[in-house]
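Chemist: Just so it is clear: in the sequence shown, position 287 is 287 by UniProt numbering, and no numbers are missing.
C-beta atoms are modelled at their ideal positions from N, C-alpha and C, and glycine is treated no differently.
Submitted below is the structure of interest, expressed as structure tokens.
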Amino acid sequence: MTNAAAQETVKIGHTGPLSGAQAFSGKDNENGARLAIEELNAKPITVGGKKIKFELMSEDDQGDPKAGVQVAQKFIDSGVRYVVGPYNSGVAIPASRAYNDAGALIATVATNPKVTQQGYKGVFRVNASDTQLGSKMALYAAKELKFKTVAVIDDRTAFGQGLAEEFKKQAKASGLTVAGHEYTTDKAVDFTAILTKLKAKNVEAIFFGGYAPQAAPMARQMKQLGINAKLLGGDTICTAEMGKLGGDAVGDNVLCSQGGAILDKAAAGPQFKAAFKKRYNRDPDVYAATYYDAAMMYANAMQKVNSTDPAKVGPAISAGAYKGVMGTYAFDAKGDMKESLVTIFNFKNGAPAPITSY
């Protein structure tokens, strides 16, 4: 038997925004996956008596649903049955149907609860969902900040509303008084009226379900009105954009929650960070380690079932637990992580700075 006959190529597809405003995230995620694949090929691993050569195919889905579905079709036609991505919920929700129909597996960081509510067996969310992001922020406000009275504002988008409701539910369960729930839109820039209403209620914190372009002027107006309450939010305000738009109104008065552990505190974190820096000459950003873990998780499950068939690998991932850099990947029946760390940040010099994970 020649060596060539005893080798099998397995394609792993990466789909994410490689152009546009979020390209920095897409590239970082791709780099995480590539690092895993290069390490696996250097070993290499053996499955079903064959040496496995992994090949990364990376496509720009522009963070756009239509483009994301086209990428899915391209991957499927090219024989890709293992996917890391999509990054955006808006892309993951429609694209997952195409992957599911083709029997492909996807490991995504998209946070919208709908991603895993469609009933597709091959979808794995490899980080926290909006449910966890909202509730952990409420727990932090109650337990660590020892707040008693909070208020909620949401922007009426599916994302903002859902996130605010999860915060509210946990806040009440933790004994916090929710003194008001106000509504705005994802286009508004003037929040004076609703903030004045909340000022009269002497709240210690305002949780905002929405995005940075609204949260930043909100922080500025809170400062102008002399409201000393903290502004809390989810992963969409955990961005340097928030600091850029909010200026000196955004500091340790703004807290946000984001899925994943603090890399430096994770057991294998420093080792991953060093390997990433050596390979790419830059530090990993938010989800690089998660994408690295996702690619490794696929390979680990292939070895477990001694097959590269996704119909066998998928159930092994569902039933098992894989210990990666960012934590242990064990999934419930829907494909959500049973336990997912959330990190709480505040802002230092205009950028998010991690405080604690739980």
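If you drop the 5 nearest sequence neighbours on each side, which residues of the same chain put their C-beta closer than 7 Å to that of Gln-303?
Modeler: Here residue 303 corresponds to residue number 303 of the sequence shown, with the count starting at 1. Cβ within range, chain order: Ile-45, Val-47.
Chemist: So, using beta-carbon positions, are Ser-129 and Phe-167 closer together than 8 Å?
Modeler: As a working mapping, residue 129 is identified with position 129 in the sequence shown. As a working mapping, residue 167 is identified with position 167 in the sequence shown. Against a cut-off of 8 Å, the Cβ pair of Phe-167 and Ser-129 comes out as no contact.
Chemist: Do you know whose CA, among Leu-40, Asp-264, Pro-354, Ser-340, lies nearest Phe-124's CA?
Modeler: As a first step, residue 124 is located in the sequence shown; it is residue number 124 there, counting from the start. That would be Ser-340, whose Cα lies nearest to the Cα of Phe-124.
Chemist: With distance defined between alpha-carbon atoms, name the residue in Ala-72, Gln-132, Lys-74, Lys-187 nearest to Lys-169.
Modeler: Position 169 of the sequence shown holds residue 169. Of Ala-72, Gln-132, Lys-74, Lys-187, the residue nearest in Cα terms is Gln-132.
Chemist: Measuring alpha carbon to alpha carbon, tell me which residue in Ser-307, Ala-311, Thr-308, Gln-271 is nearest Tyr-292.
Modeler: Here residue 292 is taken as the residue at index 292 of the sequence shown, counted from 1. The shortest C-alpha separation from Tyr-292 is found at Gln-271.
Chemist: Nearest-angstrom Cα distance between Cys-238 and Lys-244?
Modeler: Residue mapping note: residue 238 aligns to position 238 of the sequence shown, counting from 1. Residue mapping note: residue 244 aligns to position 244 of the sequence shown, counting from 1. In a straight line, the C-alpha of Cys-238 is about 12 Å away from that of Lys-244.
Chemist: Where in the stretch 48-110 do unbroken runs of the alpha helix (DSSP H), each at least 4 residues long, occur, reported from the N-terminal end onward?
Modeler: 65-77, 89-101
Chemist: Drop a sphere of 10 angstroms on the beta-carbon of Ser-19, count the other beta-carbons inside from all chains shown, and report buried for 16 or more, exposed for fewer.
Modeler: Your numbering for residue 19 matches position 19 in the sequence shown. Ser-19 should be labelled exposed.
Chemist: Between which two residues does the alpha helix (DSSP H) containing Ile-12 stretch?
Modeler: For the purposes of this step, residue 12 is taken as residue 12 along the sequence shown, with counting starting at 1. Counting along the chain, Ile-12 falls outside any alpha helix (DSSP H), though it belongs to the beta strand (DSSP E) covering 7-16.
Chemist: Under the three-state reduction of DSSP, which class applies to Ile-317: helix, strand or coil?
Modeler: Against the sequence shown, residue 317 aligns to sequence position 317. In this structure, Ile-317 counts as helix in the three-state DSSP scheme.
Chemist: Find out if the Cβ-Cβ distance for the pair Lys-121, Gly-251 is shorter than 8 Å.
Modeler: In the sequence shown, residue 121 corresponds to position 121, counting from 1. In the sequence shown, residue 251 corresponds to position 251, counting from 1. No, Cβ-Cβ distance for Lys-121 and Gly-251 is not below 8 Å.
Chemist: Could you give the distance in angstroms between the alpha-carbon of Thr-308 and the alpha-carbon of Glu-8?
Modeler: Mapped onto the sequence shown, residue 308 falls at position 308. Mapped onto the sequence shown, residue 8 falls at position 8. Answer to the nearest angstrom: the Cα atoms are 9 Å apart.
Chemist: Since Leu-40 and Ala-299 should fall inside the 8 Å C-beta cutoff, what is the C-beta to C-beta distance between them, to a whole number of angstroms?
Modeler: To locate residue 40, count along the sequence shown from 1; it is residue 40. To locate residue 299, count along the sequence shown from 1; it is residue 299. Indeed, because the Cβ distance is near 5 Å, the residues count as touching under 8 Å.
Chemist: Note down the Cα distance separating Ala-216 from Asn-253, rounded to an integer number of angstroms.
Modeler: Start at 1 with the first residue of the sequence shown, and residue 216 comes out as number 216. Start at 1 with the first residue of the sequence shown, and residue 253 comes out as number 253. Rounded to whole angstroms, Ala-216 to Asn-253 spans 12 Å at the Cα level.
Chemist: Would you list the one or two residues that DSSP bridges to Phe-331?
Modeler: Here residue 331 corresponds to residue number 331 of the sequence shown, with the count starting at 1. For Phe-331, which the question treats as bridged, DSSP gives the partners Met-337.
Chemist: Do you know offhand how far Glu-241's Cα is from Gly-269's?
Modeler: What you label residue 241 is simply residue 241 of the sequence shown in a count that begins at 1. What you label residue 269 is simply residue 269 of the sequence shown in a count that begins at 1. Rounded to the nearest angstrom, the two C-alpha atoms are 26 Å apart.
Chemist: If you compare alpha carbons, which of Ser-174, Met-296, Ala-316 is closest to Leu-150?
Modeler: Start at 1 with the first residue of the sequence shown, and residue 150 comes out as number 150. Residue 150 is actually Val in this sequence, not Leu. The residue with the shortest Cα to Cα distance from Val-150 is Ser-174.
Chemist: Closest to Ala-319 by C-alpha separation, out of Met-326, Lys-338, Gly-327, would be which residue?
Modeler: What you label residue 319 is simply residue 319 of the sequence shown in a count that begins at 1. Closest option to Ala-319, Cα to Cα, is Lys-338.
Chemist: Which residues mark the beginning and the end of the alpha helix (DSSP H) in which Thr-149 is found?
Modeler: As a position in the sequence shown, residue 149 is number 149, starting the count at 1. Taken as a continuous stretch (DSSP letters only), Thr-149 belongs to no alpha helix (DSSP H), being part of the beta strand (DSSP E) at 149-154.
Chemist: Once you ignore the five residues that flank Ala-229 on each side, which residues in its own chain have a CB closer than 6 Å to its CB?
Modeler: In the sequence shown, the residue the question calls residue 229 occupies position 229. Close CB contacts of Ala-229 within its chain, under the 6 Å cut and outside five residues either way in sequence, are with Val-203, Glu-204, Ala-205, Ile-206 (chain order).
Chemist: Once DSSP output is grouped into helix, strand and coil, what is the label at Gly-260?
Modeler: As a position in the sequence shown, residue 260 is number 260, starting the count at 1. Three-state DSSP puts Gly-260 in coil, outside helix and strand.
Chemist: Considering only the beta carbon of each residue, do Pro-284 and Asp-28 sit closer than 8 Å?
Modeler: One-based indexing of the sequence shown puts residue 284 at position 284. One-based indexing of the sequence shown puts residue 28 at position 28. Closer than 8 Å, so yes.
Chemist: In whole angstroms, what separates the C-alpha of Ala-188 from that of Thr-157?
Modeler: Taking the first residue of the sequence shown as 1, we reach residue 188 at position 188. Taking the first residue of the sequence shown as 1, we reach residue 157 at position 157. A straight line joining the alpha-carbon of Ala-188 with that of Thr-157 spans about 12 Å.
Chemist: Which partner residues of Tyr-183 appear in the DSSP bridge assignment?
Modeler: The residue labelled residue 183 in the question sits at position 183 within the sequence shown. For Tyr-183, which the question treats as bridged, DSSP gives the partners Asp-154.
Chemist: Could you tell me the distance, in whole angstroms, from the CA atom of Val-325 to the CA atom of Val-286?
Modeler: Within the sequence shown, numbered from 1, the residue matching residue 325 stands at position 325. Within the sequence shown, numbered from 1, the residue matching residue 286 stands at position 286. Going by the C-alpha atoms only, they are around 13 Å apart.
Chemist: Report the option in Ala-102, Val-178, Ala-330, Asp-155 whose CA atom is closest to the CA atom of Asp-190.
Modeler: Translated into positions along the sequence shown, residue 190 becomes position 190. The option with the nearest alpha carbon to Asp-190 is Asp-155.
Chemist: Out of Val-69, Lys-74, Ser-357, Ala-294, which has the shortest C-alpha to C-alpha gap to Pro-94?
Modeler: The count along the sequence shown starts at 1 and reaches residue 94 at position 94. Among Val-69, Lys-74, Ser-357, Ala-294, the Cα nearest to that of Pro-94 belongs to Val-69.
Chemist: Out of Gly-209, Gly-180, Gln-214, state which residue places its alpha-carbon closest to the alpha-carbon of Lys-201.
Modeler: As a first step, residue 201 must be located in the sequence shown, where it is residue number 201. Of the candidates Gly-209, Gly-180, Gln-214, the one whose C-alpha sits nearest the C-alpha of Lys-201 is Gly-180.
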